[in-house]
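J.:
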């Protein structure tokens, strides 16, 4: 049984953003501040990554723990209402993430995925990961 009324649930679900979320904005501002110029939600790249560096073929995704199933095997039992729907939804998101990663990597892209809490709690490390990948690609292209 849902704790919220149908109207409250609708309002909550309408507030969920597919782009421009808090974690995306945090990472975007940090990258921009470091001088990195990226494309957001580029439809021309398979999977429409949150951020792309086409020149380096780097795709970055900012995944929320709930929608992308972090620790899914442990947390899937926490759903109390509409269990079948949520299990199908989140498991499909997990499998789609795997498919997107595989397709991008097959086409020579480097895929970086961050959990929302990683971005919120350790933004500097996330930036370092991005910077390392960019520098790695630059070194490969020079030699």
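In the numbering used here, the protein residues as written are 1336 to 1478.
Note that CB positions come from ideal geometry on N, CA and C, so glycine has one too.
What are the residues that DSSP puts in a beta bridge with residue 1375?
T.: Reading the chain shown from its first residue, position 40 is the one you call residue 1375. Answer is 1386.
J.: Flag this pair as touching only if the region 1397-1415 and the region 1449-1467 have three or more C-beta atom pairs under 8 Å; answer yes or no.
T.: Contact between the region 1397-1415 and the region 1449-1467 is present, because at least three Cβ pairs lie under 8 Å.
J.: In chain order, what residues of the same chain have a beta carbon less than 7 Å from the beta carbon of residue 1421, not counting five sequence neighbours either side?
T.: Mapped onto the chain shown, residue 1421 falls at position 86. Cβ neighbours of residue 1421 beyond the five flanking positions: 1414.
J.: Is residue 1478 buried or exposed, if buried means 16 or more other CB atoms sit within 10 Å of its CB?
T.: Against the chain shown, residue 1478 aligns to sequence position 143. Because the pLDDT at residue 1478 is just 49, under 50, the model does not fix this residue reliably, and the point stays unresolved.
J.: Are residue 1387 and residue 1372 closer than 7 Å when you measure CB to CB?
T.: For the purposes of this step, residue 1387 is identified with residue 52 of the chain shown, where counting begins at 1. For the purposes of this step, residue 1372 is identified with residue 37 of the chain shown, where counting begins at 1. Their beta carbons are not under 7 Å apart, which means residue 1387 does not touch residue 1372 by this criterion.
J.: If you drop the 5 nearest sequence neighbours on each side, which residues of the same chain put their C-beta closer than 8 Å to that of residue 1432?
T.: Counted from its first residue, the chain shown places residue 1432 at position 97. Only 1396, 1398, 1403, 1448 meet the Cβ criterion.
J.: Quick one: give me the first and last residue of the beta strand (DSSP E) that residue 1449 is part of.
T.: For this step, residue 1449 is matched to residue 114 along the chain shown. It spans 1445-1450 - the beta strand (DSSP E) in which residue 1449 sits, taken as one unbroken run.
J.: For residue 1359, count neighbouring Cβ atoms within 10 angstroms of its own Cβ and tell me buried if that reaches 16, exposed if not.
T.: The residue given as residue 1359 occupies position 24 in the chain shown. Result: buried.
J.: By the three-class DSSP mapping on this structure, what secondary structure does residue 1478 have?
T.: Here residue 1478 is taken as the residue at index 143 of the chain shown, counted from 1. Low confidence applies to residue 1478: its pLDDT is 49, below 50, so where it sits in the model is not reliable, and the reading given next is rough at best. Looking at residue 1478 - three-state DSSP - the assignment turns out to be coil, as it is neither helix nor strand.
J.: Between residue 1455 and residue 1362, what straight-line distance do the alpha-carbon atoms span, to the nearest angstrom?
T.: Numbered from 1 along the chain shown, position 120 holds the residue referred to as residue 1455. Numbered from 1 along the chain shown, position 27 holds the residue referred to as residue 1362. Going from the Cα of residue 1455 to the Cα of residue 1362 covers about 9 Å.
J.: Three-state secondary structure (DSSP) at residue 1381?
T.: Reading the chain shown from its first residue, position 46 is the one you call residue 1381. In the structure shown, residue 1381 sits in coil (DSSP, three-state: anything other than H, G, I, E or B).
J.: In three-state DSSP terms, what is residue 1396?
T.: Counting from one through the chain shown, the residue named residue 1396 turns up at place 61. Strand, per DSSP.
J.: Figure out for me which residue from 1463, 1470, 1410 has the closest Cα to the Cα of residue 1400.
T.: Indexing the chain shown from 1 puts residue 1400 at position 65. Among 1463, 1470, 1410, the Cα nearest to that of residue 1400 belongs to 1410.
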